[in-house]
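In this note's numbering, the protein residues as written are 15 to 862.
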């Protein structure tokens, strides 16, 4: 501890010891009267006369017991001495800032009633306007106005009396001399008369200063005097604030003085805020975008909680050292450089320090209540002072020289972070910022968004003019589909401006955006996953949809549309409805690897081959197009799981003309399905069809089937297999227990592998000679006698000719049979034994 400080404490303790001892010796015993003048408050004596009306006597307020004047005088002299000591300590340049702060914020309360005690300002020489200040403000100004100051107070007179509440008080007349040097180096030496009012509290037997003044007039006079000295412009400003059009009354002036919120922003005519010094209750003040440069008038407004001085000519904020209740402070775009005073503002929650000369944040590291900080446009290069400010929820570092945001890694509550126009390249330290919702990283050098992939609260990323392009954005969105990424906004704006009015109207309606959309709204448009273009004839192209690569559902019934080329890179499409358009070529859809449903009804489509490799396809609607049965067959061969609806009118007519017997058969095949165009198409596109025990006599009802591979029927009246093109692809045909006689058409079934004609009247097999693919033949129970026609069937592996008149099996020796059933035939046992020896690998079932 330095000598100056020891000296201060020693002298100060001596003064208070004397003062305390004087307080203890107080006594209520009568004392001999002194020469001190005594003023007694007079009260009106009302004469009373007798009346017949009984009156309740008015209760009188009794005055306090008479004080011990002699003892009180001693105390008062001590109080004046302590006050003089305080002022001289504040005016001494050798006193430390800490000791001065103790006097201003704590020690004064020993001799003053409270912090609201008013003191008429006597520190400014030749002041024309009477100005009153709170005691704390007055004490602060001693240091503010003077580099060195010496006060001397000589007591001239002490009067005692009663105030308006019948309480004892003293009025002390003093002569105050001030010898000082101002901060500008000017020497002053002034002597003025002053008055100090001191109240006496009989319960605590305590004396405290309640007022100090030079001009003896009331608070009413002070306010009217302040108002009369205002310029007309300021009067109009205040009158407008309280919605006053007439001249201001005393009540109006009181209301003005009691104003708690004041907004002077954008007023370019005001250059001084001196009148605001009288508004001691002011809590919120906005003087942004003004020509104001001096904060002196508000340095003592200790109730201020919000102050905005952004874009002013202010250079110095150290004057705010005692405005310690601030919660919001904004000095963006000023010439402020030293922000050390902010350290004292421990209640700050919101700090906007975006001034180009600000470079050092060290003094804010202890602002534990801070939730918002903006350093936009500052010269701050290190964020280390922020690393322990764990209550921060919003941080703006835009347009600053920041390159490293690692100190922010532990700030778990941050929801909005702005790093626009910085030299930041790496955002990996944000991976643990679990509350982050919005990241602004425009005009930076970031190239990777993956560090943000696990931030579940993330909603928006702004990365215009960065290395983030569509592939990186798309990859991120796949992992985080709810996140909106705004990039290439300039390109999007050009795209929007180039759209026709019809297209803009569609996007306005479908995306619910404004007529002049923001870049966020444009990003919403390009991130749409569905769109319905309706039937607007003015829409002639899908070109604008190139910018919507995330589309999953597209509906376009516009007849002027002829091409799907603008959609060729839209790999997310799952549902595409182009019915009613003039599209002919569907090859761009070959890349739609997620496509499930295509509606191409009433289009000019004639070929589906480009879609044949789309394994996800479930349905294609192609009614009233150029799709024919053979095209459908080719497509379904390559994509058998897809349902192709392409001939609704034809099938409706076909169903209407069917016999009831056939309808009954088909209804069994349909099962519980409702008969409609989809179920009928599913029926005729079946690969298998089985029926039995039905009196149907022909197979003409099957002429609409396009890809039958297996046809089994039994117990019918069918006598022949017709030569139908749609049956040529059969691989399995079972026609049993039916009166079959003519099977010549089977010679064209070159892919048939399984044939069962058992228990039919067939008597020869010549029609089989060309069926080189046949592997299995069942002709049991028929009228055949010879097997010579089977010699050429090199693929035959199974033959059942039981219960026939076959007597010679030598033609079978040239085949690769694995199973032979020939029981109950005319084949001899000797022939069977000989066959077995030659074909030991063939399983022969034989008995007679």
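Where a beta carbon is used, it is the ideal one built from N, C-alpha and C, also for glycine.
Who are the near neighbours of residue i in its chain, counting only those whose CB is closer than 6 Å to its CB and skipping five residues on each side?
| i | result |
| --- | --- |
| residue 724 | 702, 746 |
| residue 408 | 386, 430 |
| residue 783 | 803, 806 |
| residue 792 | 770, 772, 814 |
| residue 51 | For residue 51, the predicted model reports a pLDDT of 43, less than 50, meaning its position is unreliable; a value from the coordinates is still stated below. Here the set comprises 173. |
| residue 641 | 660 |
| residue 527 | 535 |
| residue 73 | Residue placement at residue 73 is flagged as unreliable, the pLDDT there being 47, under the threshold of 50; a coordinate-derived value is accordingly withheld. |
| residue 64 | Because the pLDDT at residue 64 is just 35, under 50, the model does not fix this residue reliably, and the value given afterwards should be weighed accordingly. Correct list: empty, nothing qualifies. |
| residue 402 | none |
Please determine, among the options, the residue with the shortest C-alpha to C-alpha distance to residue i.
| i | options | result |
| --- | --- | --- |
| residue 172 | 219, 336, 385, 90 | 90 |
| residue 614 | 639, 632, 606, 355 | 639 |
| residue 605 | 611, 587, 618 | 587 |
| residue 473 | 223, 578, 454, 187 | 454 |
| residue 665 | 159, 627, 689 | 689 |
| residue 577 | 597, 593, 512 | 597 |
| residue 536 | 478, 677, 110, 776 | 478 |
| residue 657 | 633, 680, 672, 779 | 633 |
| residue 247 | 287, 228, 222, 265 | 287 |
| residue 328 | 306, 787, 92 | 306 |
| residue 187 | 115, 829, 170 | 170 |
| residue 910 | 636, 607, 560 | Examination of residue 910 is not possible in this model, given that the chain is present from 15 through 862 alone. |
| residue 695 | 114, 374, 758, 646 | 646 |
| residue 857 | 243, 848, 835 | 835 |
| residue 224 | 125, 433, 704 | 125 |
Based on DSSP bridge pairs, tell me the residues matched to residue i.
| i | result |
| --- | --- |
| residue 544 | 567 |
| residue 214 | 221 |
| residue 185 | 173, 211 |
| residue 165 | 192 |
| residue 719 | According to DSSP, residue 719 bridges with nothing at all. |
| residue 452 | 430, 474 |
| residue 728 | 706, 750 |
| residue 386 | 364, 408 |
| residue 633 | 611, 657 |
| residue 320 | 298, 342 |
| residue 797 | Looking at the DSSP assignment, residue 797 forms no beta bridge with any residue, so it has no partner. |
| residue 276 | 299 |
| residue 458 | Answer is none; residue 458 lacks a bridge partner. |
| residue 734 | 756 |
| residue 247 | None, per the DSSP bridge assignment. |
| residue 227 | 209 |
| residue 858 | 834 |
| residue 589 | 567, 611 |
If residue i and residue j are in contact, beta carbons under 8 Å, what's the gap, nearest whole angstrom?
| i | j | result |
| --- | --- | --- |
| residue 717 | residue 751 | Rounded, the Cβ-Cβ distance is 24 Å, inconsistent with contact. |
| residue 319 | residue 340 | 6 Å |
| residue 397 | residue 421 | 4 Å |
| residue 749 | residue 727 | 6 Å |
Keeping to the same chain, check which residues put their C-beta closer than 7 Å to that of residue i; ignore five residues upstream and five downstream.
| i | result |
| --- | --- |
| residue 271 | 237, 292, 293 |
| residue 651 | 721 |
| residue 405 | 382, 383, 384, 385, 427 |
| residue 310 | 333 |
| residue 742 | 762, 763 |
| residue 809 | 786, 787, 788, 789 |
| residue 129 | 148, 149, 150 |
| residue 371 | 349, 350, 351, 393 |
Leaving out five residues on either side along the sequence, give the residues of the same chain with a beta carbon under 8 Å from the beta carbon of residue i.
| i | result |
| --- | --- |
| residue 600 | 578, 612, 614, 619, 621, 622, 624, 625 |
| residue 451 | 429, 430, 471, 472, 473, 474 |
| residue 677 | 669 |
| residue 269 | 256 |
| residue 507 | 533, 536 |
| residue 448 | 426, 469, 470, 471 |
Quick check: is any heavy atom of the ligand COA less than 8 Å from the C-beta of residue i?
| i | result |
| --- | --- |
| residue 512 | Inclusion of the ligand COA in the displayed structure is not the case, the ligand content being empty and no account of it being possible. |
### Message
Quick test of the definition: if touching needs 3 or more C-beta pairs under 8 Å, does the region 149-158 touch the region 307-317?
### Response
yes
### Task
Indicate whether the contact test is met: 3 or more Cβ pairs, each with one atom in the region 195-210 and one in the region 127-141, closer than 8 Å.
Touching, yes, given that three or more Cβ pairs across the two stretches are closer than 8 Å.
### Task
Evaluate contact between the region 488-503 and the region 455-468, counting only Cβ atoms and requiring at least three cross-stretch pairs below 8 Å.
yes
### Message
Three or more C-beta pairs under 8 Å: does that hold for the region 301-311 against the region 276-287?
### Response
yes
#### Entry: At least three beta-carbon pairs within less than 8 Å, the region 805-824 to the region 837-857
The region 805-824 makes contact with the region 837-857, as at least three CB pairs between them are under 8 Å.
### Message
Pairs of beta-carbons, one from the region 562-576 and one from the region 539-550, closer than 8 Å: are there three or more?
### Response
At 8 Å Cβ cutoff, the stretches touch.
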